[in-house]
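Here's the structure we're looking at; comments come further down.
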Amino acid sequence: MPVTRTAKRKARTTIDAGEVARFEALAEAWWDPTGEFRPLHRLNPTRLAYIRDKLCTHFELDPRSSRPLDGLRLLDIGCGGGLLSEPMRRLGADVSGLDAGERNIKIAKMHAAQCRLDIDYRCGTIEALAKTKARFDVVLNMEVVEHVADLGLFIEACAHVLRPGGAMLTATLNRTPKSFVFAVVGAEYVLRWLPRGTHDWRKFVRPSELAREFRANGLAIADLSGVSYNPFTGAFALSRDLDVNYMAFAVKTQA
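Residue 245, in the working numbering, is where the sequence shown stops; the numbers in between run on with no holes.
Shown next as structure tokens:
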């Protein structure tokens, strides 16, 4: 029986098997603030404040409340061991965490159980979830898009599970000479914050590229903020510099 062109065509996927394997190999270190994920632990306070403040403004919630995100259905894509999922749940959101790595999900479930947090962790892909009826008020893609195999498919699937009027927050790395020096050479080879090969500079995403994919899927960017590192204090903070790390807040304007 002859093989048709359709049969030969590979199904599109957002999953880069090498990237998944790389992070699964580090799964035991997710909750070690001095381990391989130390940069994310240091970055978390800045990420959390940005997410909380933007969501409270958009949904007209009180950021001073102990549970300001109460009532929001939130999907954390590429949740890893749950570094963002857990604080989002503590802030009141109804959280689902999605990751393609089984070991990551196992660690996330164990840690959430130890902390007595009810979080719906799932091992799978966003394109598979998009084929279901699941819909969310908020979608988080934090430090994920630079690791996917198909950016267009990824954003399309994310937009599909986001309800109209919902918000998507994305954090990633800009593809600039400066980001190569600081995020690859500096972080992986000089400071040794991350294992060598953690990032492929060619997969970093420029704000203009992210905006193009957002527009194509009915998402309007309401804010772009840079994230800068202070080597003297060891802390990250919001800035106007988008050359290395940056975050985007977007709203779904179309059904």
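Beta carbons are placed, not taken as given, at the ideal position from N, Cα and C, and that holds for glycine.
Quiz item: Under three-state DSSP, which class holds S215?
Solution: strand
Quiz prompt | Enclosing beta strand (DSSP E) for L228 [first to last residue] | solution = A225 to S229
Exercise. Would you mind working out which of G91, G8, A19 and F49 sits nearest L184, comparing C-alpha positions?
Key: A19
Quiz prompt | Within 9 Å, strictly: CB atoms of E9 and H137 | solution = A contact, by the Cβ cut-off of 9 Å.
Quiz item: Looking at A149 and T3, is the spacing between their C-beta atoms short of 9 Å?
Solution: No. Outside cutoff.
Exercise. Taking A17 as part of the beta strand (DSSP E), name the residues at either end of that continuous run.
Key: Unbroken run through A17: none, as it is neither H nor E.
Quiz prompt | Beta-carbon gap between F239 and A147 smaller than 9 Å | solution = A147 is positioned such that its CB atom lies no closer than 9 Å to that of F239.
Practice problem: Decide if the segment 160 to 171 is in contact with the segment 121 to 132; the criterion is three or more beta carbon pairs, one per stretch, under 8 Å apart. | Solution: yes
Quiz item: Does the distance from the CB of R106 to the CB of S86 come in under 9 Å?
Solution: Not closer than 9 Å, so no.
Quiz item: What are the boundary residues of the alpha helix (DSSP H) that includes D127?
Solution: D127 -> not in any alpha helix (DSSP H); beta strand (DSSP E) instead, spanning F126 to M132.
Quiz item: Quick one: what's A177 bridged to in DSSP?
Solution: DSSP, once it has assigned bridges, lists no residue as partnering A177.
Quiz item: For D22, which three-state DSSP category applies?
Solution: DSSP places D22 in coil when its eight states are reduced to three.
Quiz item: Which residues in the same chain as W21 place their Cβ atom closer than 7 Å to its Cβ, once the five residues preceding and following it in sequence are excluded?
Solution: G71 and H101
Self-check item: Sequence-distant residues of its chain with Cβ nearer than 7 Å to L38 (five each side left out)
Solution: P77
Self-check item: Inter-residue spacing [alpha-carbon to alpha-carbon] between P221 and G176
Solution: 12 Å
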